[in-house]
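Undergrad: Protein chains in written order, with the UniProt record's numbering: chain A, 1 to 168; chain B, 1 to 239. The C-beta atom is built at its ideal place from N, Cα and C for all residues, glycine as well.
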């Protein structure tokens with residue numbers, strides 16, 4: 001038992017995006033500049049809650065990411081010119097039960113990055129469901145359609161409603 | 001002769017690539033190998049490189065065709081064996097492709113959830129993460145092999161058991177530091193050489209508690225064995 005537990009000690013239980021980034025090597029004066037060859041950082045673009053200027057974009061980023069990291073990430077990986085980056089850490093809100101008001105759980109803390117694009121670049125957050133309606137709307141339509149056909153069926157076979165549908 | 005064959009091969013290769021690849025493999029020792037291999041190489045689809053188009057910030061979103069779709073088809077993650085035969089620069093490029101893909105999926109998932117929808121095929125995130133982890137393990141293997149060749153050690157810093165300020169044994173992984181630990185005064189606050197006499201009493205009590213617990217467990221196991229043998233005598237020497 002104990003030996004098997006020992007083997008499990010090194011098992012990685014967290015998904016990669018939740019893990020801490022690996023330690024940077026210790027830097028001493030005169031060493032070459034540290035370079036990230038394989039960054040573990042992630043960023044996700046989020047829709048701004050308020051109206052913002054055209055050249056601003058908002059991201060939720062890896063909690064260990066610094067302002068310089070965000071700037072380098074966008075410039076080197078995505079080839080987007082960046083003028084300025086600011087970050088802010090938000091505490092997750094409490095999820096309360098509506099009826100009694102006690103706290104059930106807490107939302108995740110997150111770091112948000114406010115990016116200002118350079119060189120007159122602008123970006124508008126696209127509307128994903130402009131042309132193709134989302135799946136739930138389609139399903140709701142189907143349910144309505146089924147209900148309508150059921151009513152029509154009832155009207156048609158008003159005298160045989162007690163008999164199962166297969167025998168009508 | 002060679003010219004005629006080349007034109008013939010070119011005409012076949014227009015029809016299908018696979019047959020030419022097969023032909024070139026078949027005639028490896030013939031004198032016409034060069035003319036054949038050049039033609040086949042030009043026609044092989046695996047050597048046709050295309051870089052992904054750069055869309056700037058729109059790379060954070062899926063292609064427009066998949067917006068609002070119910071199902072999005074995707075392949076399987078990269079396997080370890082496939083990654084082992086790739087060189088380092090290819091793995092480096094693939095890492096960034098996967099990084100962008102994961103960012104895209106996170107963005108889409110967040111936006112879908114904001115619109116109270118579900119992301120189609122969310123297992124894509126796990127697939128990308130699996131291939132990323134496979135790349136990490138392959139690179140670790142290469143690092144270890146390189147270190148073993150160069151220094152005879154794997155390069156793993158390892159760890160050691162130390163006594164902490166409570167006087168309890170604790171495993172500690174070795175990490176890089178600017179000064180050795182015996183020159184660091186904060187290290188001796190956490191891991192002092194000698195534990196104070198006040199804590200010694202409690203260590204003794206803690207050890208006693210552990211000892212008692214262990215004995216209680218052993219006794220309960222012994223009693224259980226005894227009871228089992230009373231019930232099932234044929235288990236006499238087997239337990």
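#1: In chain order, what residues of the same chain have a beta carbon less than 8 angstroms from the beta carbon of residue 66(B), not counting five sequence neighbours either side?
#2: If you compare alpha carbons, which of 160(B), 221(B), 206(B), 56(B) is closest to residue 173(B)?
#3: For residue 115(B), return the contacting residues in chain A, with the cut-off set at a CB-CB distance below 8 angstroms.
#4: Around the Cβ of residue 68(B), are there at least 16 other Cβ atoms within 10 angstroms (buried) or fewer (exposed)?
#5: Between the alpha carbons of residue 127(B) and residue 101(B), how many angstroms are there, rounded?
#6: Please say whether residue 164(B) and residue 191(B) have beta carbons closer to each other than 7 angstroms?
#7: Closer than 8 angstroms by C-beta to residue 158(B): which residues in its own chain qualify, once you throw out the five before and the five after it? Chain order, please.
#8: Please report the straight-line C-alpha distance between residue 172(A) and residue 154(A), rounded to a whole angstrom.
#9: Consider the Cβ of residue 65(A): report whether some Cβ of chain B lies at a distance smaller than 7 angstroms.
#10: Inspect the CB distances between the stretch 114-128 of chain A and the stretch 94-101 of chain A and report whether three or more fall short of 8 angstroms.
#11: Between residue 102(B) and chain A, is the shortest Cβ-Cβ distance under 7 angstroms, so that the two count as touching?
#12: Note down, in chain order, every chain B residue with its Cβ under 7 angstroms from the Cβ of residue 158(A).
#13: Mind listing the chain A neighbours of residue 95(B)? Cutoff is C-beta to C-beta under 7 angstroms, in chain order.
#14: So, with DSSP's three-state summary, where would you put residue 27(B)?
#15: So, does the CB of residue 178(B) fall closer than 7 angstroms to a CB anywhere in chain A?
#16: Just verifying my parser: in three-state terms, what is the DSSP assignment at residue 45(A)?
#17: Assess contact between the stretch 34-51 of chain A and the stretch 82-101 of chain A, defined as three or more Cβ pairs (one per stretch) separated by less than 8 angstroms. Is contact present?
#18: Pairing CB atoms from the stretch 22-30 of chain A with CB atoms from the stretch 135-153 of chain B, are three or more of them under 8 angstroms?
#19: Does the beta carbon of residue 76(A) come closer than 7 angstroms to any beta carbon on chain B?
#20: May I have the straight-line CA-CA distance separating residue 196(B) from residue 203(B), to the nearest angstrom?
#21: Going straight from the alpha carbon of residue 224(B) to that of residue 149(B), what length do you get?
#22: Check whether the stretch 28-42 of chain A touches the stretch 59-68 of chain A, taking contact to mean three or more Cβ pairs, one atom from each stretch, closer than 8 angstroms.
#23: Listed from N- to C-terminal order along the chain, which residues in the stretch 64-91 of chain B have their beta-carbon within a distance smaller than 8 angstroms of any beta-carbon of chain A?
#24: For residue 170(A) and residue 207(B), I'd like the C-alpha separation in whole angstroms.
#25: Tell me which residue opens and which closes the alpha helix (DSSP H) that residue 140(A) is part of.
#26: Just the C-alpha distance for residue 20(A) and residue 81(A), rounded to the nearest angstrom, thanks.
#27: Taking a contact to mean a Cβ-Cβ separation below 7 angstroms, would you say residue 143(B) touches residue 108(B) in this structure?
#28: Identify the continuous alpha helix (DSSP H) that holds residue 204(B) and give its terminal residues.
#29: Is residue 26(A) close to chain B? Criterion is C-beta to C-beta, closer than 7 angstroms.
#30: Just the chain B side, please: which residues come within less than 9 angstroms of residue 34(A) by C-beta, in chain order?
#31: List, in chain order, every chain A residue whose beta-carbon is nearer than 9 angstroms to that of residue 56(B).
#32: Let's see if you can read the secondary structure: which residues bound the beta strand (DSSP E) around residue 115(A)?
TA: In short:
#1: Here residue 66(B) refers to the residue found at position 66 of the second chain. Around residue 66(B): 72, 120.
#2: Stepping through the second chain from its first residue, residue 173(B) is reached at position 173. When each option's Cα is compared against that of residue 173(B), the closest is 160(B).
#3: By 1-based counting over the second chain, the position of residue 115(B) is 115. Neighbours of residue 115(B) on chain A, chain order: 128, 129, 134.
#4: Within the second chain, numbered from 1, the residue matching residue 68(B) stands at position 68. Classification for residue 68(B): buried.
#5: Translated into positions along the second chain, residue 127(B) becomes position 127. Translated into positions along the second chain, residue 101(B) becomes position 101. Residue 127(B) and residue 101(B): Cα-Cα distance of roughly 11 angstroms.
#6: For the purposes of this step, residue 191(B) is taken as the residue at position 191 of the second chain. For the purposes of this step, residue 164(B) is taken as the residue at position 164 of the second chain. Taking 7 angstroms as the Cβ cut-off, residue 191(B) and residue 164(B) qualify as a contacting pair.
#7: Numbered from 1 along the second chain, position 158 holds the residue referred to as residue 158(B). Excluding residues within five positions, the ones whose Cβ falls inside 8 angstroms are 173, 174.
#8: Missing from the structure shown is residue 172(A); chain A here goes from 1 to 168 and no further.
#9: Within the first chain, residue 65(A) is the residue found at index 65, counting from 1. So, not an interface residue.
#10: no
#11: Residue mapping note: residue 102(B) aligns to position 102 of the second chain, counting from 1. Chain A, which has a Cβ nearer than 7 angstroms to the Cβ of residue 102(B), makes this yes.
#12: Against the first chain, residue 158(A) aligns to sequence position 158. Residues of chain B passing the Cβ test: none, with the nearest at roughly 37 angstroms.
#13: For the purposes of this step, residue 95(B) is identified with residue 95 of the second chain, where counting begins at 1. Within chain A, the residues near residue 95(B) are 38.
#14: If you number the second chain from 1, residue 27(B) lands on position 27. Confidence at residue 27(B) is low in this model, with a pLDDT of 41, below 50, so its placement is unreliable and the value that follows should be read with caution. DSSP places residue 27(B) in coil when its eight states are reduced to three.
#15: If you number the second chain from 1, residue 178(B) lands on position 178. Interface residue, yes.
#16: Counted from its first residue, the first chain places residue 45(A) at position 45. Strand, per DSSP.
#17: no
#18: no
#19: One-based indexing of the first chain puts residue 76(A) at position 76. It does not: the Cβ of residue 76(A) has no partner Cβ on chain B nearer than 7 angstroms.
#20: Here residue 196(B) is taken as the residue at index 196 of the second chain, counted from 1. Here residue 203(B) is taken as the residue at index 203 of the second chain, counted from 1. Their Cα atoms are separated by approximately 11 angstroms.
#21: Residue numbering aside, residue 224(B) sits at position 224 when the second chain is read from its first letter. Residue numbering aside, residue 149(B) sits at position 149 when the second chain is read from its first letter. The straight-line gap from Cα to Cα measures roughly 54 angstroms.
#22: yes
#23: 67, 68, 69, 70
#24: Because chain A spans 1 through 168 in this model, residue 170(A) falls outside it and cannot be assessed.
#25: Counting from 1 along the first chain, the entry for residue 140(A) is found at position 140. From DSSP, the alpha helix (DSSP H) with residue 140(A) extends over 135-156.
#26: In the first chain, the residue the question calls residue 20(A) occupies position 20. In the first chain, the residue the question calls residue 81(A) occupies position 81. Taking the straight line from one Cα to the other gives about 28 angstroms.
#27: Sequence index remark: in the second chain, residue 143(B) carries index 143 (1-based). Sequence index remark: in the second chain, residue 108(B) carries index 108 (1-based). No, these two residues do not count as a Cβ contact at 7 angstroms.
#28: Position 204 of the second chain holds residue 204(B). That run of the alpha helix (DSSP H) goes 197-231.
#29: By 1-based counting over the first chain, the position of residue 26(A) is 26. It does; some Cβ of chain B falls within 7 angstroms.
#30: Indexing the first chain from 1 puts residue 34(A) at position 34. Neighbours of residue 34(A) on chain B: none; closest Cβ ~13 angstroms, over 9 angstroms.
#31: Position 56 of the second chain holds residue 56(B). The answer, in chain order, is 78, 79, 80, 121, 123.
#32: Against the first chain, residue 115(A) aligns to sequence position 115. Element bounds for residue 115(A): 110-117.
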